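Single-structure report; data block below.
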Amino acid sequence: MDDKDAAHEGMVKRPSDDLALCGECHQEIAANYKKSLHYTTIGQRNRVIKRMSPDEAKIFDEKVFKKACNSCHATCGDCHVKSPSIGGVSVGLINKHKFVRRDEGKTCAFCHGGRVYPEYTGEYGGNADVHYQKGMMCMECHTMDEMHGDGRAYAQKEEVPDRPRCTDCHEPGRETKLTAQVGHLKHSQTVSCFACHSAGEYRNCYNCHIGGSSEAKPGFFLGTSPRNRREITTLRIIPTVRDSFKAAGIQQANFDALPNYWDAPIHNIRKRTDRTRRCDTCHEDRKGFLTMETLLKDGSRTNLELIFKPQRIPISR
133 MDDKDAAHEG MVKRPSDDLA LCGECHQEIA ANYKKSLHYT TIGQRNRVIK
183 RMSPDEAKIF DEKVFKKACN SCHATCGDCH VKSPSIGGVS VGLINKHKFV
233 RRDEGKTCAF CHGGRVYPEY TGEYGGNADV HYQKGMMCME CHTMDEMHGD
283 GRAYAQKEEV PDRPRCTDCH EPGRETKLTA QVGHLKHSQT VSCFACHSAG
333 EYRNCYNCHI GGSSEAKPGF FLGTSPRNRR EITTLRIIPT VRDSFKAAGI
383 QQANFDALPN YWDAPIHNIR KRTDRTRRCD TCHEDRKGFL TMETLLKDGS
433 RTNLELIFKP QRIPISR
């Protein structure tokens with residue numbers, strides 16, 4: 133049959149929207165995936181809900197989360213047959229009509245292609261991640277269980293156990309150089325790996341939510357982690373401003389409950405950076421650290437708690 137519409141008449145456009153269909157053969161995976169963050173996208177909701185009053189939260193769930201955030205969820209077919217649709221755009225079938233086990237460049241990259249993937253591959257304009265240059269892709273670090281879920285419902289990704297950590301492969305104490313041994317020992321538990329090994333600027337988005345223009349530009353920010361106040365790490369701007377959801381009738385009564393910066397595992401890792409070569413980059417020049425002057429204008433008051441001023445290294449006499 134030569135007519136495309138006639139050939140597809142009566143066919144289900146997205147059969148994997150019904151997870152039970154895939155579950156006929158992959159029962160455990162489908163059952164787990166139904167509760168996974170990739171499917172529920174509940175983590176996006178829980179990122180902003182603390183900014184809102186109870187009444188505003190109800191409006192958000194009905195007018196914003198269901199219609200906007202939750203539209204990004206991925207079904208089985210989005211990763212194994214046809215690339216997901218983002219903003220109505222898709223790159224189409226991954227490998228004709230065949231099922232594929234993995235193809236990160238057409239699946240992971242499409243959903244995480246605004247920031248993480250182009251940072252990892254160097255397409256954003258900076259240096260490619262050293263792991264990418266060695267031929268590693270997403271699933272080298274991120275496991276199948278992490279993608280499909282383990283059957284438990286988590287509020288956000290940080291609750292997921294056994295998420296990849298740098299120390300899974302780079303065990304502390306096995307450094308070959310004394311300077312690396314000393315640096316890691318001195319900063320253990322107080323500085324994240326990304327803070328020192330991020331190659332440089334990464335993408336930050338501004339005002340990307342409903343009812344406003346969006347903008348993306350490079351930046352590099354170091355400060356106190358909102359999740360672990362004992363740790364200094366790389367921070368990424370969270371594009372929620374005071375009137376982000378104004379069009380939906382949400383004023384964000386508790387806007388200052390959360391900061392405008394969040395700790396981020398930047399995917400542009402290099403073994404040597406300005407901060408690994410010279411202690412003075414942080415302790416003297418304080419390069420990249422948030423200051424009162426560089427904070428977002430009219431941002432959350434909680435941002436002030438993320439400012440960290442490194443101490444100068446005392447000179448022995």
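Taking my numbering, the leading residue of the sequence shown gets 133, the next gets one more, and so forth. In this text, a Cβ means the ideal position worked out from N, Cα and C, and glycines have one as well. The structure displayed is predicted, hence computed values, not measured ones.
Item	Value
The alpha helix (DSSP H) spanning L153 covers which residue range?	151-155
Near H140, what residues of its chain come up, given a Cβ to Cβ distance below 6 angstroms and the 5 sequence neighbours on each side ignored?	none
Ordered along the chain, which non-local residues of its own chain (more than five positions away) have a Cβ less than 6 angstroms from that of L151?	A162, K166
In the DSSP output, what is D395 paired with across the bridge?	L367
Could you tell me the alpha carbon to alpha carbon distance between N202 and V196, rounded to whole angstroms?	9 angstroms
Would F242 be called buried (16 or more neighbouring beta carbons within 10 Å of its own) or exposed?	buried
Determine the closest residue to D193 out of N178, G254, H158, with distance taken between C-alpha atoms.	N178
Which same chain residues, not among the five before or five after T253, have their C-beta less than 6 angstroms away from its C-beta?	A260, Y264
Take R368 as the anchor and find which of H280, G155, G246, H170 has the nearest alpha-carbon.	G246
State the CB to CB distance for the pair T322 and I364, rounded to an integer number of angstroms; the pair is presumed to be in contact (CB under 8 angstroms).	7 angstroms
Whole angstroms is fine: what's the gap from Y249's alpha carbon to Y256's?	9 angstroms
Buried or exposed for P391, going by 16 or more other Cβ atoms inside 10 Å?	buried
Return the CA-CA distance between Y338 and F421, expressed in angstroms with no decimal places.	19 angstroms
Near E290, what residues of its chain come up, given a Cβ to Cβ distance below 8 angstroms and the 5 sequence neighbours on each side ignored?	R359
For R362, which residues in the same chain have their Cβ closer than 8 angstroms to its Cβ, ignoring the five residues on either side in sequence?	Q321, T322
Write down every uninterrupted run of the alpha helix (DSSP H) in the segment 206-280 whose length is 4 residues or greater and which is fully enclosed by it, in chain order.	208-212, 240-243, 248-253, 262-265, 276-280
For T372 and R433, I'd like the C-alpha separation in whole angstroms.	13 angstroms
Between C240 and the rest of its own chain, which residues show a CB-CB distance below 7 angstroms, the 5 nearest in sequence each way excluded?	Y249, C270
Please look up how many angstroms separate the CB atoms of G351 and G258, rounded, as I've assumed it's under 8 angstroms.	About 12 angstroms separates the two Cβ atoms, so there is no contact after all.
What does the Cβ neighbour count give for H302, buried or exposed, with the cut at 16 atoms within 10 Å?	exposed
When you compare the CB of N360 with every CB in chain C, is at least one pair closer than 7 angstroms?	Absent from the structure: chain C. Only one protein chain is present.
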